[in-house]
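S.K.:
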Amino acid sequence: MFNQKSILITGGTGSFGKKYVQTLLSRYKPSRIVIYSRDELKQFEMQQEYNAPAMRYFIGDVRDRERLSQAMRGVDYVIHAAALKQVPAAEYNPMECIKTNIHGAENVIAAAIENKVKKVIALSTDKAANPINLYGATKLASDKLFVAANNMVGQGGTSFAVVRYGNVVGSRGSVVPFFEKLVAEGAKELPITHEQMTRFWISLQEGVDFVLKNFDRMWGGEIFVPKIPSIRVTDLAAAIAPQLPIKVIGIRPGEKLHEIMCPADDSHLTLEFGDHFVLRPTIKFHHSDLDYTTNALGEVGTPVVQGFEYHSGTNPHFLSVDEIQTFNHKAMA
Numbered sequence: 001m002f003n004q005k006s007i008l009i010t011g012g013t014g015s016f017g018k019k020y021v022q023t024l025l026s027r028y029k030p031s032r033i034v035i036y037s038r039d040e041l042k043q044f045e046m047q048q049e050y051n052a053p054a055m056r057y058f059i060g061d062v063r064d065r066e067r068l069s070q071a072m073r074g075v076d077y078v079i080h081a082a083a084l085k086q087v088p089a090a091e092y093n094p095m096e097c098i099k100t101n102i103h104g105a106e107n108v109i110a111a112a113i114e115n116k117v118k119k120v121i122a123l124s125t126d127k128a129a130n131p132i133n134l135y136g137a138t139k140l141a142s143d144k145l146f147v148a149a150n151n152m153v154g155q156g157g158t159s160f161a162v163v164r165y166g167n168v169v170g171s172r173g174s175v176v177p178f179f180e181k182l183v184a185e186g187a188k189e190l191p192i193t194h195e196q197m198t199r200f201w202i203s204l205q206e207g208v209d210f211v212l213k214n215f216d217r218m219w220g221g222e223i224f225v226p227k228i229p230s231i232r233v234t235d236l237a238a239a240i241a242p243q244l245p246i247k248v249i250g251i252r253p254g255e256k257l258h259e260i261m262c263p264a265d266d267s268h269l270t271l272e273f274g275d276h277f278v279l280r281p282t283i284k285f286h287h288s289d290l291d292y293t294t295n296a297l298g299e300v301g302t303p304v305v306q307g308f309e310y311h312s313g314t315n316p317h318f319l320s321v322d323e324i325q326t327f328n329h330k331a332m333a
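The opening position of the sequence shown corresponds to residue 1 in our numbering, with each subsequent residue numbered one higher.
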């Protein structure tokens with residue numbers, strides 16, 4: 001799908017963008033990969049590692065619609081990864097989060113339609129399901145914008161879909177590098193927000209592979225959710241530093257005890273496939289009568305039972321301490 005095609009990644013200097021570029025260059029022969037982001041230092045550093053002839057680096061902010069539109073000229077596929085993601089920072093700086101995560105999403109949609117991009121996938125988060133923090137609320141709004149965008153283009157126009165998944169092992173700002181830094185600095189204990197806290201767990205490569213696959217699967221309008229394991233944060237601490245005690249410091253502003261990716265309130269829209277779920281659009285598209293039970297690859301999904309909820313605390317698949325160690329080592333290799 002990506003051979004001799006142009007791909008643009010917003011927020012492309014982040015952990016996801018780098019892994020996505022690495023994967024594209026190793027598996028395909030794209031004609032152009034455009035990294036669109038606002039930090040010139042991160043772009044300079046990324047250029048030292050990723051300098052293939054196909055690489056292009058555009059300085060720009062998703063808040064700037066005109067610059068986005070310039071960057072998307074001749075682009076076939078867009079991955080929208082740019083966002084303000086830190087939950088406490090969003091609580092303290094709500095307007096900045098809204099400008100990037102909501103208005104930025106509007107700009108990506110408008111630029112993609114204007115430039116007749118074939119397909120767009122926006123990255124979401126488990127925090128967008130039943131959100132209690134501003135970050136999650138802005139990503140829910142963003143998800144709704146990308147789903148509804150399919151109604152703006154009609155049949156044969158740009159297709160938009162969303163990928164939603166949980167905590168990415170080893171990504172910038174995540175808990176694993178934070179714990180490892182504390183251990184390296186000789187910490188006497190590890191801070192835990194709550195002893196019962198659980199999280200969904202996915203590696204960066206798994207996230208990238210899931211997005212790549214969904215470009216083939218999508219019709220437009222879906223929210224794709226991978227089936228992934230959960231972890232207990234206390235088990236994560238034991239996996240990283242079994243010799244250290246934990247110290248409960250309390251839940252941070254806007255933080256949840258558990259995360260949800262498929263809410264019970266959306267169970268009537270949720271389809272289960274072999275390795276993932278799909279949340280169908282809440283709205284009807286005027287140009288389509290798809291029921292999404294069969295995707296573009298011919299994979300068939302079945303409706304979940306009423307009230308089904310994909311919840312990190314009740315997930316049937318939990319990793320043990322040993323499994324977390326193995327998983328993290330492989331994910332960060």
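Positions of the beta carbon are idealized from the N, C-alpha and C atoms, including for glycine.
1. Once DSSP output is grouped into helix, strand and coil, what is the label at S26?
2. Where are the alpha helix (DSSP H) runs, 4 residues long or more, that stay fully inside the segment 265 to 333, in chain order?
3. Assuming F215 and M261 form a contact by the criterion Cβ under 8 Å, report the distance between their Cβ atoms to the nearest whole angstrom.
4. In whole angstroms, what is the alpha-carbon distance linking N315 and V233?
5. Contact check, W219 vs N295 under 8 Å by CB: the rounded distance?
6. Provide the residue span of the alpha helix (DSSP H) that contains L190, from first to last.
7. V117 by DSSP, collapsed to three states: which one?
8. Which two residues bound the contiguous beta strand (DSSP E) that contains A161?
9. Under 8 Å between the Cβ atoms of K330 and L204?
10. Under 7 Å Cβ to Cβ from Y57, same chain only, skipping five residues before and after it: list those, please.
11. Leaving out five residues on either side along the sequence, give the residues of the same chain with a beta carbon under 8 Å from the beta carbon of V175.
12. Would you check if the distance between the CB atom of T100 and the CB atom of R67 is smaller than 8 Å?
13. When the Cα atoms are used, what is the spatial distance from D143 to S124?
14. Once the 5 residues before and after K118 are set aside, which same chain residues still bring their CB inside 8 Å of it?
15. Return the first residue and the last residue of the beta strand (DSSP E) that M55 is part of.
16. For the alpha helix (DSSP H) containing I240, name the first residue and the last one.
17. State the start and end residues of the unbroken beta strand (DSSP E) segment that holds K247.
18. Can you tell me which of E40, S171, F224, Y310 puts its alpha carbon nearest to the alpha carbon of R280?
19. Which of the three DSSP states, helix, strand or coil, is assigned to V168?
20. Are there 16 or more other CB atoms within 10 angstroms of the CB of M95, so buried, or fewer, so exposed?
21. Taking S37 as part of the beta strand (DSSP E), name the residues at either end of that continuous run.
22. Have a look at G156, V162, L24 and flag the residue whose alpha-carbon is nearest the alpha-carbon of F334.
23. Specify the secondary structure class of L68 as computed by DSSP and reduced to three states.
24. Quick check on DSSP: helix, strand or coil for P263?
25. What is the rounded straight-line gap between the Cα of S320 and the Cα of L182?
26. Identify every residue that forms a DSSP beta bridge with P88.
27. From the DSSP output, in three-state form, read off H80 for me.
28. Taking a contact to mean a Cβ-Cβ separation below 8 Å, would you say G11 touches A82 in this structure?
29. Output yes or no for whether 8 Å exceeds the beta carbon distance between V21 and G254.
30. Let's see if you can read the secondary structure: which residues bound the alpha helix (DSSP H) around V175?
31. Over what stretch of residues does the beta strand (DSSP E) that includes R199 continue unbroken?
32. Would E206 pass as a contact of I246 if the rule is Cβ separation under 8 Å?
M.R.: Looking at the coordinates:
1. In the structure shown, S26 falls within a helical segment according to DSSP collapsed to helix, strand and coil.
2. For the segment 265 to 333, whole alpha helix (DSSP H) runs of length 4 or above, ordered along the chain, are 321 to 331.
3. The C-beta separation of F215 from M261 comes to about 20 Å, leaving the pair out of contact by the 8 Å criterion.
4. Their Cα atoms are separated by approximately 14 Å.
5. Correct: roughly 7 Å between the Cβ atoms.
6. Counting along the chain, no alpha helix (DSSP H) covers L190; the unbroken beta strand (DSSP E) around it starts and ends at 190 to 192.
7. In the three-state reduction of the DSSP assignment, V117 falls in the coil class, being assigned neither a helical nor a strand state.
8. From DSSP, the beta strand (DSSP E) with A161 extends over 159 to 163.
9. Against a cut-off of 8 Å, the Cβ pair of L204 and K330 comes out as no contact.
10. Closer than 7 Å at Cβ, skipping near neighbours: I35, Q43, Q47.
11. Same-chain partners within the cutoff: N167, V233, L236.
12. Taking 8 Å as the cut-off, the Cβ atoms of T100 and R67 do not count as close.
13. Spanning the two alpha carbons is a distance of roughly 7 Å.
14. In its chain, beyond the 5 residues on either side, D76, Y77, T158, S159 have a beta carbon closer than 8 Å to the beta carbon of K118.
15. DSSP places M55 inside the beta strand (DSSP E), whose first and last residues are 55 to 59.
16. From DSSP, the alpha helix (DSSP H) with I240 extends over 233 to 240.
17. Its beta strand (DSSP E) spans residues 246 to 248.
18. Selected option, being the one with the closest Cα: F224.
19. If DSSP states are grouped into helix, strand and coil, V168 belongs with the strands.
20. Answer is exposed; the Cβ neighbour count stays below 16.
21. DSSP places S37 inside the beta strand (DSSP E), whose first and last residues are 32 to 37.
22. Outside the modelled stretch of the chain, which goes from 1 to 333, sits residue 334, for which no answer is possible.
23. Three-state DSSP puts L68 in a helix.
24. DSSP places P263 in coil when its eight states are reduced to three.
25. Rounded to whole angstroms, the gap between the alpha carbons of S320 and L182 is 22 Å.
26. P88 pairs with nothing; no bridge assigned.
27. Strand at H80.
28. With respect to the 8 Å criterion, G11 and A82 are classified as neighbours on the basis of their beta carbons.
29. Cβ atoms of V21 and G254: not closer than 8 Å.
30. It spans 175 to 184 - the alpha helix (DSSP H) in which V175 sits, taken as one unbroken run.
31. Counting along the chain, the beta strand (DSSP E) containing R199 begins and ends at 198 to 202.
32. Here E206 is not near I246, since their CB atoms are 8 Å or more apart.
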